[in-house]
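**Student:** Submitted below is the structure of interest, expressed as structure tokens.
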Ligand code: TRP
């Protein structure tokens, strides 16, 4: 067991290198946060959960739960400077508590593997649409035609599986190259470029004639439509989109230079991520209404609305191709962060090289992903609990594992770590620090547990 002052945490170094600058870290976390969650998932879960009220709950969750969790993750990561499993064990011991906190890291590693298994399938779908757009098959197509293209594509496990394989291959490649060479370079231009294209699309969406309907759907809360299940979905979405609750941000925090402000970086990432999600919603919903589509259509929603919009636009082939390239990039930079904790763990615990670890974990994830590939075709009628294999993985990881991880992480930062340690990492004991600590000790853990228990029906209705 480590004595309390065995190592000065400020002198610990990560075995995997460090980000070259504060900006590099912000870009990497933003690259992790901005992904399919913003553009693919947010619009369709908002659509399935009735719009306005869901969006409001989601925003509240980002602010009062998501941000404190992210701050906790980064500070734990930087203090431990190991993979999430080793970091939790190390800090647990160092604070004079238990090494068993490593199981929180372990659950995160597992969650990352499970999430990436389906994330990669959707990432592959995005890649496929780069080619479909480039070939011009959406030009002038109507809703029925675009829907048919989508259904044919996901209906074939061979095609969907091939693109899943391609996407996993790309992810393994970058992770194998390591922190500075691999991860950093991918994000530098992707986020700004994506933002620009979304603004172009917004212009089109405003001109579609149904912008008001889209706006109303997203921002007129109708609380009668809100069930505890949708509140849980909103909270899960907040976790998913910010990449928190499983140690991805913790792993990135381990590579963070000592002098960087954690509070400032978190605010920057949360603002960028939320703006992109809202922007995506403002693009998609007007198009849904303009084309008589159903907002509750599910995971295929953006793969219909956006090609439709591009198909009607002058220069649509080019815009559409660029858009799906950028979305693939966004998915790619997120996928990397889902894999990094597992890979860092394998390197540190089992003495593997980075390349070996990336290939081993990557193959495992690929194999689990086959379950999701088949959920859209051969096994689409094989349903249990929440639906298909994909539906169950999605619910288990996003609505259960991530919030649970979030409770444990904030509890650890707020209650297990002493005041000195956390104040030291956050660089102050001022008002903002106190506010974070209050959120991390009380609001976030209690809030998450409450929503959770409500949604599974374990708390009685008082009204
Ligand atoms: N946030 C990413 C997105 O919105 C997905 C993601 C990357 C993620 N890393 C994560 C989700 C870690 C949960 C945990 O697409």
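Residue numbers (our numbering): -15 to 447. Built from N, CA and C at the ideal position, the CB exists for glycine as well.
1) Under the three-state reduction of DSSP, which class applies to residue 196: helix, strand or coil?
2) DSSP beta-bridge partners for residue 396?
3) In three-state terms, what does DSSP make of residue 366?
4) Rank 14, 19 and 92 by C-alpha distance to the C-alpha of residue 328 and give the top, closest one.
5) Is residue 276 helix, strand or coil when you go by DSSP?
6) CB residue 208 to CB residue 16, shorter than 8 Å?
7) Would you report the Cα separation of residue 427 and residue 379, rounded to the nearest angstrom?
8) Can you name the residues that DSSP bridges to residue 371?
9) How do the stretch 268 to 278 and the stretch 40 to 60 stand: do at least 3 beta-carbon pairs fall below 8 Å, yes or no?
10) Please list the terminal residues of the continuous alpha helix (DSSP H) segment that includes residue 318.
11) Taking the straight line between their C-alpha atoms, what separation do you get for residue 244 and residue 78?
12) In the DSSP assignment, find the alpha helix (DSSP H) that holds residue 349 and state where it starts and stops.
13) Please report the Cβ distance between residue 68 and residue 325, rounded to the nearest whole angstrom; I am assuming they are in contact, meaning their Cβ atoms lie under 8 Å.
14) What residue from 57, 340, 255 and 35 has the CA that sits closest to residue 199's CA?
15) Taking all protein chains shown into account, do 16 or more other C-beta atoms lie within 10 angstroms of the C-beta of residue 33, making it buried, or fewer, making it exposed?
16) Is residue 314 closer than 8 Å to residue 330 when the C-beta atoms are compared?
17) Would the stretch 132 to 151 and the stretch 354 to 362 be scored as touching if the rule is three or more Cβ pairs under 8 Å?
18) Quick one: does the C-beta of residue 22 sit closer than 7 Å to a heavy atom of the ligand TRP?
19) Under a three-way DSSP split, which group does residue 240 fall into?
20) Is the beta carbon of residue 151 within less than 7 Å of some heavy atom of the ligand TRP?
21) Closer than 7 Å to a non-hydrogen atom of the ligand TRP - does that hold for the CB of residue 160?
22) Among the candidates 108, 58 and 372, whose CA atom is the shortest distance from the CA of residue 287?
23) Express the C-alpha separation of residue 11 and residue 212 in angstroms, rounding to a whole number.
24) Residues in the same chain with beta-carbon distance under 8 Å from residue 344, minus the five sequence neighbours each way, listed in chain order, please.
25) Helix, strand or coil for residue 64, going by three-state DSSP, please let me know.
**Tutor:** Looking at the atomic coordinates:
1) helix
2) Partner(s): none; residue 396 has no beta bridge.
3) Of the three classes helix, strand and coil, the one that applies to residue 366 here is coil, per DSSP.
4) Of all alpha-carbon atoms in 14, 19 and 92, the one lying nearest the alpha-carbon of residue 328 is that of 92.
5) Residue state for residue 276 is assigned as coil, using DSSP reduced to three classes.
6) By the CB criterion at 8 Å, residue 208 and residue 16 fall outside the cutoff.
7) Answer to the nearest angstrom: the Cα atoms are 24 Å apart.
8) 368
9) no
10) 300 to 334
11) Each residue's CA atom was taken as its position, placing residue 244 and residue 78 some 23 Å apart.
12) 338 to 359
13) 5 Å
14) Across the set 57, 340, 255 and 35, the C-alpha of 35 shows the shortest separation from the C-alpha of residue 199.
15) buried
16) No. Outside cutoff.
17) yes
18) The ligand TRP approaches residue 22 closely enough that one of its heavy atoms is under 7 Å from the residue's Cβ.
19) coil
20) no
21) Exclusion of residue 160 from the 7 Å shell around the ligand TRP follows from its C-beta lying no nearer than that to any non-hydrogen atom of the ligand.
22) Of 108, 58 and 372, the residue nearest in Cα terms is 108.
23) When rounded, the separation of the alpha-carbon atoms in residue 212 and residue 11 is 34 Å.
24) For residue 344, same chain residues with a beta-carbon under 8 Å away, outside a window of 5 residues either side, are 330 and 336 in chain order.
25) helix
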